[in-house]
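Beneath this line is the structure, given in structure tokens, with notes to follow.
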Amino acid sequence: MRIQQILLQEQAVQNLTVRGWVRTVRRSKEVVFIELNDGSCLASLQLVATESVDAQALAAVTTGACIEARGDLVASPAAGQRWELRVTQLEVLGEADSSYPMQKKRHSFEYLRSMAHLRPRANTFGAVFRLRSALSFAVHQFFHQRGFLYVHTPIITASDCEGAGELFRVTTLDPLHPPLKEGGVDWGQDFFGTRTGLTVSGQLQGELFATAFRDIYTFGPTFRAENSHTSRHASEFWMIEPEMAFADLAADCRLAEDFLRFLVRYALEHCGEDLQFFNERIEPGLLDKLTALADARFETMSYSEAVTRLKSSGQAFEFPVEWGLDLQSEHERYLCEQVIGGPLFVTDYPKQIKAFYMRANEDGRTVAAMDLLVPRVGEIIGGSQREERLDVLSARMDELGMERESLQWYLDIRRWGSCPHAGFGLGFERLLMYLSGMENIRDVIPFPRTPGQALF
RNA sequence: UCCCCGGUAGCUCAGUCGGUAGAGCAGGUGGCUGUUAACCACCCUGUCGCUGGUUCGAGUCCGGCCCGGGGAGCCA
């Protein structure tokens with residue numbers, strides 16, 4: 134039986150078998166206490182062993198060891214736990230000597246990061262990865278309930294003009310002697326007959342499916358070869374990208390808001406023990422923050438209004454605030470942390486600082502874009518209404534000097550049966566950071582990939 | 001890529017004015033009738049990131065390099 138189930142028992146149970154990993158052992162003269170965890174929940178089960186248990190096996194029970202124990206579950210006579218297992222039979226399945234690097238004490242996240250193969254056995258990471266698993270399920274549940282089609286967009290892509298960062302190259306050419314043509318590499322001889330890389334977004338393909346199934350979403354790995362050294366960027370991360378036909382920017386914002394609220398409520402309902410842990414050890418006040426978020430309505434502010442508010446704030450910023458310039462991190466933080474004190478949609482940005490596919494507004498100088506900013510994490514969602522008018526989109530691509538050839542399929546959607554549509558991208562790890570209070574993206578993804586780091 | 005901070009025992013860290021390295025935890029041994037960050041006593045632990053320089057003498061000062069973290073940019 135898993136420990137989570139055992140701890141929920143209403144009455145004593147005879148002859149139970151448990152298996153798991155030893156967190157800590159306390160030995161006194163005649164009694165040995167073992168804290169056993171099997172990852173099913175944060176709490177450990179206390180095993181009590183007396184002289185009747187095989188002394189040799191008992192001696193091999195150390196922090197980190199894997200054991201199987203059989204015994205009776207009885208009410209614990211001491212404070213601290215409701216149940217404990219009186220051990221009658223004990224077998225050590227996998228010993229752990231004193232070189233086991235995780236001790237029964239607090240370790241720095243930095244240290245634990247260097248042993249990503251063992252850190253899932255630590256309390257914090259147990260909680261993080263249970264939350265990650267639960268929230269993955271919740272993502273699918275949310276969209277499934279609303280009739281969204283789940284689409285697997287390609288990992289390998291030939292379109293490198295999505296404007297969303299550097300691509301990792303995918304090639305089978307000999308790096309020392311690539312075929313050359315006109316002074317450069319002849320990508321025509323590569324595996325796919327063209328230059329390819331790992332996807333930086335499934336959005337463009339998502340749009341194609343939205344024009345057949347109305348509402349769709351993707352949820353998969355995304356890759357950016359940016360040389361970013363921050364606590365919020367990883368080279369490989371998971372992104373959720375819904376796309377809705379017949380939706381405008383307002384509908385897009387509503388979906389984002391409903392989605393985030395659903396996920397927060399799901400976490401509060403299903404991950405209570407782990408959130409309680411985060412609240413106590415990681416971010417004091419986390420539960421109040423999430424509870425408030427589950428009920429609050431999100432604020433919306435246009436970019437133009439944001440600029441006005443920033444300029445009249447009297448706040449000294451390092452970077453200038455001027456209409457037409459992109460908002461800096463310090464500005465975004467000020468807006469959602471100081472001005473609003475919660476999640477904030479900023480909408481309708483100047484077209485020159487946003488991607489080519491965003492829908493031009495009537496004013497001729499802004500596009501129907503939105504960013505959702507949250508305290509501490511910053512931008513957690515970025516989305517827009519897409520330009521569905523073939524002539525407008527083509528003109529915009531020409532204006533930016535983009536080649537239409539490689540994106541012909543993207544334009545075809547506008548040529549035949551075009552429709553208004555909108556969508557957004559949500560960084561799954563950033564969501565987890567916000568829900569757990571964890572401050573480094575490397576600590577909410579099982580085996581983080583960052584510049585110079587691809588271990589495990 | 002740029003800016004800032006750091007690297008000392010297995011871990012977390014202290015190390016003053018340059019004088020040859022230390023505390024807690026972990027580990028080991030013993031003790032303790034039920035512990036739960038167990039407790040008490042004793043014991044063990046070092047390429048002070050690497051490299052060159054200054055100096056009678058460098059963990060400490062200077063140069064270079066490596067690694068890690070934070071921030072900026074880019075963005076999710």
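According to my numbering, the first sequence is numbered sequentially starting from 134. We treat Cβ as the ideally placed atom computed from N, Cα and C, and that holds for glycine.
Asked                                                                                                                                                         : Found
Would you list the one or two residues that DSSP bridges to Asn170?                                                                                           : Trp154
Distance, Cα to Cα, Ser177 vs Glu184?                                                                                                                         : 23 Å
Are three or more beta carbon pairs between the region 486-496 and the region 438-447 nearer than 8 Å?                                                        : no
In the DSSP output, what is Pro375 paired with across the bridge?                                                                                             : Tyr350
Assuming Pro234 and Ser368 form a contact by the criterion Cβ under 8 Å, report the distance between their Cβ atoms to the nearest whole angstrom.            : Contact flag wrong, Cβ pair sits at about 26 Å.
Taking the CB atoms as reference points, tell me whether Ala271 and Leu426 lie closer together than 8 Å.                                                      : no
Taking all protein chains shown into account, decide if Leu337 is buried (16 or more other Cβ within 10 angstroms of its Cβ) or exposed.                      : buried
Under 8 Å by Cβ, that's how I've got Ile373 and Phe561 pegged, so tell me the actual separation to the nearest angstrom.                                      : 6 Å
If you follow the alpha helix (DSSP H) that Cys386 is in, where does it begin and where does it stop?                                                         : Leu382 to His403
Suppose you measure from the CA of His554 to the CA of Pro417; what does that come to, to the nearest Å?                                                      : 40 Å
Is Phe275 helix, strand or coil by DSSP?                                                                                                                      : helix
Residue range of the alpha helix (DSSP H) that Ile546 falls in?                                                                                               : Gln541 to Arg548
Would Val598 and Thr195 be called neighbours here (beta carbons separated by less than 8 Å)?                                                                  : Since the first and last residues shown for the chain are 134 and 589, residue 598 lies out of range.
Using the Cα positions of Lys237 and Ala202, report the straight-line distance between them to the nearest angstrom.                                          : 21 Å
Quick check on Val479: does DSSP put it in helix, strand or coil?                                                                                             : strand
For the beta strand (DSSP E) that contains Ala425, what are its first and last residues?                                                                      : Counting along the chain, Ala425 falls outside any beta strand (DSSP E), though it belongs to the alpha helix (DSSP H) covering Leu419 to Asp428.
Name the one or two DSSP bridge partners that Trp216 has.                                                                                                     : Ala208
How big is the Cα-Cα spacing for Cys469 and Lys444?                                                                                                           : 15 Å
Check whether the Cβ atoms of Gly326 and Gly353 sit closer than 8 Å, and answer yes or no.                                                                    : no
Is Asn148 helix, strand or coil by DSSP?                                                                                                                      : strand
Keeping to the same chain, check which residues put their C-beta closer than 6 Å to that of Ala193; ignore five residues upstream and five downstream.        : Val225 and Glu228
DSSP three-state label for Gln179, please.                                                                                                                    : strand
Measuring straight from C-alpha to C-alpha, what distance separates Asp428 and Leu149?                                                                        : 43 Å
Can you check DSSP and say which residues form a bridge with Val225?                                                                                          : Ile200
Compute the Euclidean distance between the alpha carbons of Asp504 and Thr480, then round it to the nearest angstrom.                                         : 7 Å
Which value, in whole angstroms, describes the spacing of the CA atoms of Gln222 and Gly556?                                                                  : 57 Å
Let's see if you can read the secondary structure: which residues bound the beta strand (DSSP E) around Thr329?                                               : Thr329 to Leu331
Whose CA, out of Phe392, Ala493, Gly516 and Tyr482, lies closest to the CA of Trp456?                                                                         : Tyr482
Do Val333 and Phe356 have their C-beta atoms closer together than 8 Å?                                                                                        : yes
Which residues bound the beta strand (DSSP E) around Met503?                                                                                                  : Thr499 to Val507
Short of 6 Å in beta carbon distance, which residues of its chain neighbour Leu282, apart from the five on each side in sequence? Order them along the chain. : Phe346 and Ile349
Between which two residues does the beta strand (DSSP E) holding Gln518 run?                                                                                  : Gly511 to Gln518
So within the region 436-466, which uninterrupted alpha helix (DSSP H) runs reach at least 4 residues, ignoring any that extend past its ends?                : 436-444 and 462-466
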